Amino acid sequence: MGHILQTLPSKLSDDPLVNLIYLMPLGALLGILISLSHSSGNIWLRQRNYMMLSTILPVVALVITVSISSNIFLSLGMIGALSIIRYRTPIKSPYELALLFSFITVGISLGVDIRYACFLTLFLISIPFLFNLLDRFA
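In this note's numbering, the protein residues as written are 744 to 881.
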């Protein structure tokens with residue numbers, strides 16, 4: 744497993760703008776994959792607004808991560824602003840909250856290392872399949 748991690752690139756380019764251009768569609772794709780894999784048992788996850796949210800949120804988190812990565816004061820301010828947004832947003836269930844934070848985490852990890860985002864997405868996609876498999880044997 745360690746050998747596979749070493750063969751994957753952590754960044755696509757040394758230029759931050761080129762990295763951002765490649766990572767933004769990748770973040771949107773990873774968000775859609777997570778949302779589609781979790782929508783099999785939840786009808787509200789198939790709504791158009793939630794699908795758009797799953798596309799937008801990782802990309803926004805990626806841009807925030809890239810823009811604040813060099814300034815500690817800006818990063819602390821953004822954490823405060825995002826926590827205010829979180830507390831003013833009506834959440835239907837803890838599951839929805841966990842998915843929203845996972846979309847944000849995918850975007851942040853894309854800004855740090857592509858490998859983290861890909862493995863996190865694989866883990867998040869596998870969760871519904873594992874629970875469906877457990878339900879068959881229960």
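Backbone N, C-alpha and C define an ideal beta-carbon position, used for all residues, glycine too.
None of these values were measured; they are calculated from a predicted model.
Proximity of residue i and residue j at Cβ, strictly below 7 Å
| i | j | result |
| --- | --- | --- |
| Leu805 | Gly770 | yes |
| Ser845 | Leu867 | yes |
| Leu840 | Ile847 | no |
| Met767 | Val802 | yes |
Cα-Cα separation between residue i and residue j, rounded to whole angstroms
| i | j | result |
| --- | --- | --- |
| Ile857 | Val809 | 13 Å |
| Leu796 | Gln790 | 10 Å |
| Gly784 | Leu772 | 21 Å |
| Ile777 | Thr864 | 7 Å |
| Gly774 | Gly854 | 14 Å |
| Asp878 | Cys861 | 27 Å |
| Trp787 | Asn875 | 18 Å |
| Ser812 | Tyr838 | 29 Å |
| Leu800 | Ile764 | 16 Å |
| Pro759 | Ser780 | 31 Å |
| Phe872 | Asn792 | 24 Å |
| Phe880 | Tyr859 | 32 Å |
| Ser869 | Val761 | 30 Å |
| Leu843 | Asp757 | 30 Å |
| Ile807 | Ile851 | 8 Å |
| Gly820 | Ser782 | 33 Å |
| Val849 | Met794 | 15 Å |
Review point. What residue ranges within the segment 793 to 875 form continuous beta strand (DSSP E) runs of no fewer than 3 residues, ordered along the chain?
Key: The qualifying runs do not exist here; there are none.
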